[in-house]
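Chemist: According to the working numbering, numbering within the sequence shown proceeds without interruption in unit steps and concludes at 529.
Quick reminder that beta carbons are idealized off the backbone N, C-alpha and C, glycines included.
The structure is given below, and queries will be raised subsequently.
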Amino acid sequence: MASVRNIFGILNTKPIIILVTPQINKISTRLFHYGKECTKSTVSHKNQQLSNIIHAGVSIPIRQFHSSQPLRATRNYYEVLGVGRNASGAEIKKAYYKLAKQYHPDVNKDPEAQKKFQAVSEAYEILADDTKRKQYDTYGATADQMGGMGGSGRAQGPQGFSQHWQYQSTIDPEELFRKIFGDAAFGNKGSSPFEDFAESRYGFGEAQEIVLRISFSQAARGTNKDVNINVVDTCPKCNGSRCELGTKATKCQFCNGTGMESITTGPFVMRSTCRYCQGTRMYIKHKCVECEGKGSTVQRRKVTVPVPAGIEDGQTVRMSVGKKELFVTFRIDKSDYFTRDGADVHTEADISVAQALLGGTIRIEGLYEDHTIQVMPGTSSHTRIRLSGKGMKRVNGYGHGDHYVTFKVVIPKHLDEKQKALAMAYAELEKDTPGTILGVTIRKDGSKLTTSEKLELLNAIRLVLEGKKESNSEKDTDLNNNRTKNIGEIEQAVDRSKDVQSEVVEESDREETKLKNKN
Numbered sequence: 011m012a013s014v015r016n017i018f019g020i021l022n023t024k025p026i027i028i029l030v031t032p033q034i035n036k037i038s039t040r041l042f043h044y045g046k047e048c049t050k051s052t053v054s055h056k057n058q059q060l061s062n063i064i065h066a067g068v069s070i071p072i073r074q075f076h077s078s079q080p081l082r083a084t085r086n087y088y089e090v091l092g093v094g095r096n097a098s099g100a101e102i103k104k105a106y107y108k109l110a111k112q113y114h115p116d117v118n119k120d121p122e123a124q125k126k127f128q129a130v131s132e133a134y135e136i137l138a139d140d141t142k143r144k145q146y147d148t149y150g151a152t153a154d155q156m157g158g159m160g161g162s163g164r165a166q167g168p169q170g171f172s173q174h175w176q177y178q179s180t181i182d183p184e185e186l187f188r189k190i191f192g193d194a195a196f197g198n199k200g201s202s203p204f205e206d207f208a209e210s211r212y213g214f215g216e217a218q219e220i221v222l223r224i225s226f227s228q229a230a231r232g233t234n235k236d237v238n239i240n241v242v243d244t245c246p247k248c249n250g251s252r253c254e255l256g257t258k259a260t261k262c263q264f265c266n267g268t269g270m271e272s273i274t275t276g277p278f279v280m281r282s283t284c285r286y287c288q289g290t291r292m293y294i295k296h297k298c299v300e301c302e303g304k305g306s307t308v309q310r311r312k313v314t315v316p317v318p319a320g321i322e323d324g325q326t327v328r329m330s331v332g333k334k335e336l337f338v339t340f341r342i343d344k345s346d347y348f349t350r351d352g353a354d355v356h357t358e359a360d361i362s363v364a365q366a367l368l369g370g371t372i373r374i375e376g377l378y379e380d381h382t383i384q385v386m387p388g389t390s391s392h393t394r395i396r397l398s399g400k401g402m403k404r405v406n407g408y409g410h411g412d413h414y415v416t417f418k419v420v421i422p423k424h425l426d427e428k429q430k431a432l433a434m435a436y437a438e439l440e441k442d443t444p445g446t447i448l449g450v451t452i453r454k455d456g457s458k459l460t461t462s463e464k465l466e467l468l469n470a471i472r473l474v475l476e477g478k479k480e481s482n483s484e485k486d487t488d489l490n491n492n493r494t495k496n497i498g499e500i501e502q503a504v505d506r507s508k509d510v511q512s513e514v515v516e517e518s519d520r521e522e523t524k525l526k527n528k529n
């Protein structure tokens, strides 16, 4: 390979500045001579030695005039392919094929598609080669940081000129595509070296992951959900034979039934998968229209997805659908009653003032059944109790979580006269009141007195609490005595009735004895 110094010798000229303006499949190279008068000449591509150097894609230092118009369009090869800078070779190749298929002139008739196809091919040609990619990453990154042009790295050189890395593609984009994927890559609609099935009206591929929305109750108890997804299955038309009805496959004549072909490039011979039979060793002249000779198509199937009890929001499970795997991500609707914290659940329960003071029981809703829980006397608001083992089932473990119940004392907003009188009476008896009570006056001796207009009921309650207890007790004693007296009289009456019955029985026995004696 000739060097830059040899180029100058070939041209028999002084040091020159090569100004490269890349265009689509064209190279325009102009030479500017140093001297008293600057003359310009165009080097023809018929000059084979110079053309070989330029067309070989050699990365050489170039001294370039600055111009108000950029000589090269800004282009980031990674952005062109839609991959990251750390993308692997396989990812780059797959991204290239996807875009090349999208913008290929045989598929996309948009006038702009051809330019995009060429840009994608140029990006792949650089990034697929480790050496070229390394050079592009090194100098291209420098250009990006300095605000230079994407795809060409720029570094300041002597005499105020800039030195940068630049690559000129010499491979036709169509030839590059055919070289990588073979002549049959676009022979049929939907054909792809990465796929062994054909596209259909249901989509371009099988479902690999889905998002399934379920209710809170379904997540807690577990259930089965039916969903419709795309799966790859045997072609219903050809039943997997890949041939049109009435035809059959024959031995591939291009590879002689070996599935491999030899490609000669100069002194090298490369063995690769046959481009015509795709390595199947059989050539199908009349391919099935439905599956395009693949034997399988994308079809819509109803699949039953088992929902594990206790599944959490955002959790993904893996299940088998035929020979493939499907990843299901669950989204759980929020509950108006339950609040979840892992395997534990939290709820609130309302209790009355009387229940809070005196205690009692309430019935609440649980995840799997209702529960009757005890309210202890003196329960204050926001007291929390735990129902052990009554929470969610643990998906990744054994047992269940806990159900936490928080009590909320419900204070009535409106009281009738009786309730208010009772509340006032309690207020007068209450000790250690923090602050004051509306309508209740605290005396100097510490006692309390209600100052209200309607005191009839309150006075009655006071009389009962203070002075009428004894009289009521006496009345209760008299009542009990009367009850005892009445019970005694009833018992005596029952005894007399028994005596009368026994006398009647004895008289009947005597009469019967007399009749027997007469006979």
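Just to confirm my understanding: we take LYS247, look at its own chain, exclude 5 residues before and 5 after, and list those with CB closer than 8 Å. What are they?
Modeler: Your numbering for residue 247 matches position 237 in the sequence shown. So the qualifying residues of the chain are LEU255, CYS298, VAL299, GLU300 and CYS301.
Chemist: Give the DSSP-derived three-state secondary structure of THR141 in the structure shown.
Modeler: The count along the sequence shown starts at 1 and reaches residue 141 at position 131. THR141: helix per DSSP, three-state reduction.
Chemist: In whole angstroms, what separates the C-alpha of VAL221 from that of SER398?
Modeler: Indexing the sequence shown from 1 puts residue 221 at position 211. Indexing the sequence shown from 1 puts residue 398 at position 388. VAL221 and SER398: Cα-Cα distance of roughly 33 Å.
Chemist: Expressed to the nearest angstrom, what Euclidean distance is found between the alpha-carbon atoms of HIS392 and HIS410?
Modeler: Locating residue 392 in the sequence shown gives position 382, counting from the first residue. Locating residue 410 in the sequence shown gives position 400, counting from the first residue. Between HIS392 and HIS410, the C-alpha separation is close to 24 Å.
Chemist: DSSP three-state label for ILE330, please.
Modeler: Residue 330 sits at position 320 when you count from the first residue of the sequence shown. The question names Ile, but residue 330 in the sequence shown is Ser. If DSSP states are grouped into helix, strand and coil, SER330 belongs with the strands.
Chemist: Determine, using beta-carbon pairs with one atom in the region 448-467 and one in the region 418-434, whether at least three such pairs fall under 8 Å.
Modeler: Enough Cβ pairs lie closer than 8 Å, so yes.
Chemist: Please give the ranges of any alpha helix (DSSP H) in the region 334-377, keeping only runs that are unbroken, at least 4 residues long and fully inside the region.
Modeler: Taking only runs of at least 4 residues, the alpha helix (DSSP H) segments lying wholly in the region 334-377 are 363-368.
Chemist: How about the region 254-270 and the region 371-388: do they share at least three Cβ pairs that are nearer than 8 Å?
Modeler: Contact between the region 254-270 and the region 371-388 is absent, because fewer than three Cβ pairs lie under 8 Å.
Chemist: Run through DSSP, which three-state label would THR148 get?
Modeler: Mapped onto the sequence shown, residue 148 falls at position 138. Of the three classes helix, strand and coil, the one that applies to THR148 here is helix, per DSSP.
Chemist: Can you check which of these residues, GLY92, SER98 and ALA97, is closest to LYS108 by C-alpha distance?
Modeler: In the sequence shown, the residue the question calls residue 108 occupies position 98. Answer by Cα proximity: GLY92.
Chemist: How is ILE383 classed by DSSP in three states: helix, strand or coil?
Modeler: To locate residue 383, count along the sequence shown from 1; it is residue 373. ILE383: strand per DSSP, three-state reduction.
Chemist: Would you check if the distance between the CB atom of PRO316 and the CB atom of ASN238 is smaller than 7 Å?
Modeler: In the sequence shown, the residue the question calls residue 316 occupies position 306. In the sequence shown, the residue the question calls residue 238 occupies position 228. No, the pair does not count as a contact, with Cβ atoms beyond the cut-off.
Chemist: Ends of the beta strand (DSSP E) at PHE264?
Modeler: Here residue 264 refers to the residue found at position 254 when the sequence shown is read from its first residue. From DSSP, PHE264 is part of no beta strand (DSSP E); its letter is neither H nor E.
Chemist: Ordered along the chain, which non-local residues of its own chain (more than five positions away) have a Cβ less than 7 Å from that of VAL338?
Modeler: The residue given as residue 338 occupies position 328 in the sequence shown. If we look at VAL338 and ignore the five residues flanking it on each side, its Cβ neighbours are ILE220, LEU222, VAL315, THR326, VAL327 and MET329.
Chemist: Using only CA atoms, which one of ASN406, MET402 and TYR408 lies nearest to TYR414?
Modeler: Here residue 414 corresponds to residue number 404 of the sequence shown, with the count starting at 1. For the residues ASN406, MET402 and TYR408, the minimum Cα distance to TYR414 belongs to MET402.
Chemist: What residues in its chain sit with their C-beta under 6 Å from that of MET386, if we drop five residues either side in the sequence?
Modeler: As a position in the sequence shown, residue 386 is number 376, starting the count at 1. Cβ within range, chain order: GLY369.
Chemist: Identify the continuous beta strand (DSSP E) that holds TYR87 and give its terminal residues.
Modeler: To locate residue 87, count along the sequence shown from 1; it is residue 77. No beta strand (DSSP E) holds TYR87; the alpha helix (DSSP H) holding it covers 87-91.
Chemist: Determine, for LYS312, whether the minimum Cβ-Cβ distance to residues of chain D falls below 7 Å.
Modeler: The structure shown contains no chain D, having only a single protein chain.
Chemist: How many Å lie between ILE273 and MET280 at the Cα?
Modeler: As a position in the sequence shown, residue 273 is number 263, starting the count at 1. As a position in the sequence shown, residue 280 is number 270, starting the count at 1. Going from the Cα of ILE273 to the Cα of MET280 covers about 5 Å.
Chemist: Which class does LEU255 belong to by DSSP, given the choice of helix, strand or coil?
Modeler: Locating residue 255 in the sequence shown gives position 245, counting from the first residue. Note: LEU255 maps to coil in three-state DSSP.
Chemist: Kindly indicate which residue of ARG394, ILE447, GLY320 and LYS418 has the alpha-carbon position closest to the one of ASN406.
Modeler: Looking up residue 406 in the sequence shown gives position 396. Among ARG394, ILE447, GLY320 and LYS418, the Cα nearest to that of ASN406 belongs to GLY320.
Chemist: Sort out for me which residues DSSP pairs GLN309 with in a bridge.
Modeler: Position 299 of the sequence shown, counted from the start, is the residue given in the question as residue 309. VAL241.
Chemist: For ASN249 and CYS265, I'd like the C-alpha separation in whole angstroms.
Modeler: Position 239 of the sequence shown, counted from the first residue, corresponds to residue 249. Position 255 of the sequence shown, counted from the first residue, corresponds to residue 265. Cα-Cα distance, rounded: 26 Å.
Chemist: What residue does the beta strand (DSSP E) around TYR533 start on, and which one ends it?
Modeler: Residue 533 lies beyond the residue range present for the chain, which begins at 11 and ends at 529; the question has no answer from this structure.
Chemist: If we count the other Cβ atoms within 10 Å of its Cβ and call it buried at 16 or more, is ARG285 buried or exposed?
Modeler: Position 275 of the sequence shown holds residue 285. The residue is buried, with at least 16 neighbouring Cβ atoms inside 10 Å.
Chemist: Would you kindly check if the distance between the Cβ of VAL450 and the Cβ of GLU458 is under 7 Å?
Modeler: Here residue 458 corresponds to residue number 448 of the sequence shown, with the count starting at 1. Here residue 450 corresponds to residue number 440 of the sequence shown, with the count starting at 1. Reading off the sequence, residue 458 comes out as Lys, not Glu. Against a cut-off of 7 Å, the Cβ pair of VAL450 and LYS458 comes out as a contact.
Chemist: Following the continuous beta strand (DSSP E) through LEU465, name the residue where it begins and the one where it ends.
Modeler: By one-based count along the sequence shown, residue 465 stands at place 455. Segment: none, LEU465 is in no beta strand (DSSP E) and carries neither H nor E.
Chemist: Would you kindly work out how many angstroms separate the C-alpha atoms of GLY99 and GLU89, rounded to a whole number?
Modeler: On the sequence shown, residue 99 is found 89 positions in, with the first residue counted as 1. On the sequence shown, residue 89 is found 79 positions in, with the first residue counted as 1. C-alpha separation (whole angstroms): 15 Å.
Chemist: When the Cα of GLY303 is compared with those of ALA259, PRO422 and LYS344, which residue comes out closest?
Modeler: To locate residue 303, count along the sequence shown from 1; it is residue 293. For GLY303, the nearest C-alpha among the options comes from ALA259.
Chemist: Which class does MET292 belong to by DSSP, given the choice of helix, strand or coil?
Modeler: For the purposes of this step, residue 292 is taken as the residue at position 282 of the sequence shown. In the structure shown, MET292 sits in a strand (DSSP, three-state: E or B).
Chemist: Once the 5 residues before and after ALA129 are set aside, which same chain residues still bring their CB inside 6 Å of it?
Modeler: Residue 129 sits at position 119 when you count from the first residue of the sequence shown. Answer for ALA129: VAL90, listed in chain order.
Chemist: Among residues of its own chain, excluding the 5 on either side of LYS344, which ones have a beta-carbon nearer than 8 Å to its beta-carbon?
Modeler: Along the sequence shown, read from residue 1 onward, the residue named residue 344 stands at position 334. Excluding positions up to five away in sequence, the list reads PHE226.
Chemist: Can you tell me where the beta strand (DSSP E) with LYS430 in it begins and where it stops?
Modeler: Position 420 of the sequence shown holds residue 430. Element bounds for LYS430: not the beta strand (DSSP E) but the alpha helix (DSSP H), 427-439.
Chemist: Determine the extent of the alpha helix (DSSP H) in which SER272 is found, giving its start and end residues.
Modeler: Residue mapping note: residue 272 aligns to position 262 of the sequence shown, counting from 1. No alpha helix (DSSP H) holds SER272; the beta strand (DSSP E) holding it covers 270-275.
Chemist: Identify, in the order they occur along the chain, each residue of the same chain with its Cβ nearer than 6 Å to the Cβ of ILE134, setting aside the five sequence neighbours on each side.
Modeler: By 1-based counting over the sequence shown, the position of residue 134 is 124. A quick correction: the sequence has Tyr, not Ile, at residue 134. These residues qualify, in order along the chain: TYR106.
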